[in-house]
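Everything on this sheet refers to the single structure shown next.
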Amino acid sequence: MWTWIGVAALAFLVWLLAISLWRRTRRSQQPEDTAAMVGGQDSSAAAASARGDADASADEAAGAAGAEAPAAAPAASEVDEQATGEDDARDDLRRPILHSRHWAVLAGESEPHRFLISAFEKLLAPGSGSRATGEGKYWHLVDNSGRLQLSALVRKGEVLEVLAIYPYAETANSWPVQIDRIDETPDGLQARLVGSSGGAHFAVFDTLYFKNQRHYSLGEVYDLQVSAIAYQLEFDEPAEQSSGLSGFGALPQLSSDGEAAEDEIVFHSTVEDVFDCEFWGIELQVYLLTLLHGPSGPLRVELYTHPSLTERRFSVGERVRGVAWLFGLWPDPRATALAEALRAARLPN
Numbered sequence: 009m010w011t012w013i014g015v016a017a018l019a020f021l022v023w024l025l026a027i028s029l030w031r032r033t034r035r036s037q038q039p040e041d042t043a044a045m046v047g048g049q050d051s052s053a054a055a056a057s058a059r060g061d062a063d064a065s066a067d068e069a070a071g072a073a074g075a076e077a078p079a080a081a082p083a084a085s086e087v088d089e090q091a092t093g094e095d096d097a098r099d100d101l102r103r104p105i106l107h108s109r110h111w112a113v114l115a116g117e118s119e120p121h122r123f124l125i126s127a128f129e130k131l132l133a134p135g136s137g138s139r140a141t142g143e144g145k146y147w148h149l150v151d152n153s154g155r156l157q158l159s160a161l162v163r164k165g166e167v168l169e170v171l172a173i174y175p176y177a178e179t180a181n182s183w184p185v186q187i188d189r190i191d192e193t194p195d196g197l198q199a200r201l202v203g204s205s206g207g208a209h210f211a212v213f214d215t216l217y218f219k220n221q222r223h224y225s226l227g228e229v230y231d232l233q234v235s236a237i238a239y240q241l242e243f244d245e246p247a248e249q250s251s252g253l254s255g256f257g258a259l260p261q262l263s264s265d266g267e268a269a270e271d272e273i274v275f276h277s278t279v280e281d282v283f284d285c286e287f288w289g290i291e292l293q294v295y296l297l298t299l300l301h302g303p304s305g306p307l308r309v310e311l312y313t314h315p316s317l318t319e320r321r322f323s324v325g326e327r328v329r330g331v332a333w334l335f336g337l338w339p340d341p342r343a344t345a346l347a348e349a350l351r352a353a354r355l356p357n
């Protein structure tokens, strides 16, 4: 009998403990939800401060509107979920652009990073002939010493902060590109212009995006100066078998490469011209190719190629195929001498 009474008493105590824990959970649930929502606002504010001044006012306005969300308690969770989904969608597009792939012209260098830093330091030296374009605290510097140039996106302050170093070229090869989407980096200073031309869908890395971003409108057509850097170049089937056709497609749709981006392409074409150029002491081969015969005319590029990335030097009329990176700019830059730009912006030199 005493055994049965002890079991009953123990069961009763367990039941009381369960009720107590349930009540505590109910009382703590609302503060936790509120804390989670406040934390989300803090994250948004941090993201706003990380972006450039161009986005700051819009972000602050969005933050002020978001501060009213707790007053609408019944719909707070739904609004939170929608905001999170929209933020995730934007974050999917706002990814850093890693330029290490784009420096394929340094294929023969054992330490490409050190090579670029050394070249940048020489670019800043007095009498280098370098030029700059920009406004406020953001400037784009170019070495101004050849067809393919070293360029750097910098931010002025107490010290000159280097944000990115990437290839730059100006060319007569212009493509009419309809911009359908702009994929920005998290700081909003670099971007790929995603669009179409001549029926092909692709992207072009915009070397002057930080300067021109306010002038772009989705759905509009812009004449972009487009150049390319080869990742790989090899012999293709003879022109008589392929009817001399040219074409290209975005690498992500044609490859399993998880790091591929839409400004990287697979192409095949016919060599129209070939010549040499030098980039900071490195001998390169430059191939003039038509990547597509569009309704508005041929889409041509000058393809900068390191000799180690091609089977051999190809001649005019030979068929080639390969993988390349597209980069360009709009409109024609109005650059000033670097020394003048440094004085005007009071950049450290």
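Numbered continuously in the numbering used here, the sequence shown closes out at residue 357.
Cβ coordinates follow ideal geometry from the N, Cα and C atoms, glycine included.
In this text the structure is predicted, and so the values were computed from the model without any measurement.
Length of the line joining the Cα atoms of residue i and residue j
i, j, result
"Val-229", "Tyr-217", "16 Å"
"Gly-196", "Glu-267", "20 Å"
"Glu-291", "Asp-284", "7 Å"
"Glu-117", "Trp-111", "10 Å"
"Ile-362", "Val-170", "Because the chain in this structure spans residues 9 to 357, residue 362 falls outside the shown range and cannot be described."
"Ala-77", "Tyr-239", "Legend: pLDDT at Ala-77 = 30, less than 50; position of this residue unreliable, no value from coordinates given."
"Val-167", "Thr-193", "23 Å"
"Gln-261", "Glu-310", "23 Å"
"Arg-327", "Gly-135", "43 Å"
"Arg-122", "Leu-307", "35 Å"
"Glu-178", "Arg-155", "7 Å"
"Trp-333", "Asp-271", "6 Å"
"Gly-142", "Asn-152", "15 Å"
"Val-212", "Gln-293", "22 Å"
"Ala-208", "Gly-257", "7 Å"
"Arg-329", "Gly-289", "27 Å"
"Ala-127", "Pro-303", "41 Å"
"Ser-263", "Phe-210", "14 Å"
"Leu-124", "Leu-297", "28 Å"
"Leu-114", "Tyr-295", "17 Å"
Nearest candidate by alpha-carbon position, reference residue i, set the options
i, options, result
"Phe-287", "Leu-317, Pro-175, Val-202, Leu-226", "Pro-175"
"Leu-253", "Gln-198, Gly-325, Glu-291", "Gly-325"
"Ala-140", "Ile-125, Leu-158, Phe-123", "Leu-158"
"Gly-164", "Thr-179, His-148, Gly-154", "The question names Gly, but residue 164 in the sequence shown is Lys. The shortest C-alpha separation from Lys-164 is found at His-148."
"Ile-273", "Gln-293, Gly-289, Leu-241, Val-294", "Leu-241"
"Phe-275", "His-314, Leu-259, Pro-246", "Leu-259"
"Trp-373", "Gly-144, Val-294, Val-185", "The shown model of the chain, from 9 to 357, leaves out residue 373, and the question about it has no answer."
"Phe-335", "Arg-122, Tyr-312, Arg-327, Ser-316", "Tyr-312"
"Gln-221", "Ser-235, Asp-244, Ile-187", "Ile-187"
"Ser-182", "Leu-317, Ala-236, Gly-257, Phe-123", "Ala-236"
"Gly-144", "Val-331, Lys-219, Leu-114, Gly-255", "Lys-219"
"Gly-255", "Ala-127, Leu-114, Val-331, Arg-103", "Val-331"
"Leu-317", "Phe-243, Gly-203, Tyr-224", "Phe-243"
"Tyr-224", "Leu-201, Leu-131, Phe-210", "Leu-201"
"Leu-131", "Val-113, Val-150, Leu-299", "Val-150"
"Gly-305", "Tyr-146, Asp-231, Tyr-295", "Asp-231"
"Arg-7", "Tyr-146, Leu-114, Ala-269, Ile-125", "A query on residue 7 cannot be resolved here, the shown segment of the chain reaching from 9 to 357 and no further."
Counted within 10 angstroms of its Cβ, other Cβ atoms place residue i as buried (16 or more) or exposed
i, result
"Ser-108", "exposed"
"Ala-133", "exposed"
"Glu-119", "exposed"
"His-301", "exposed"
"Ser-205", "buried"
"Gln-233", "buried"
"Ile-173", "buried"
"Leu-161", "buried"
"Leu-226", "exposed"
"Thr-33", "Caution applies to Thr-33, whose pLDDT of 38 falls short of 50 and renders its modelled position unreliable; the value that the coordinates give is listed next. Classification of Thr-33: exposed, given that the 10 Å Cβ count is below 16."
"Ile-105", "buried"
"Ala-58", "Confidence at Ala-58 is low in this model, with a pLDDT of 30, below 50, so its placement is unreliable and no value can be given for it."
"Asp-214", "buried"
"Glu-245", "exposed"
"Asp-265", "exposed"
"Glu-129", "exposed"
"Ala-199", "buried"
"Ala-180", "exposed"
"Ser-138", "buried"
"Gly-203", "buried"
"His-314", "buried"
### Message
Please give me, in chain order, every unbroken run of the alpha helix (DSSP H) with length at least 4 that falls completely inside the stretch 254 to 331.
### Response
259 to 262
- Message: Under 8 Å, with one C-beta from each stretch per pair, do the stretch 315 to 332 and the stretch 261 to 279 reach the 3-pair mark?
- Response: yes
Which runs of the alpha helix (DSSP H), 4 residues or longer, sit entirely within the stretch 197 to 247? 217 to 220
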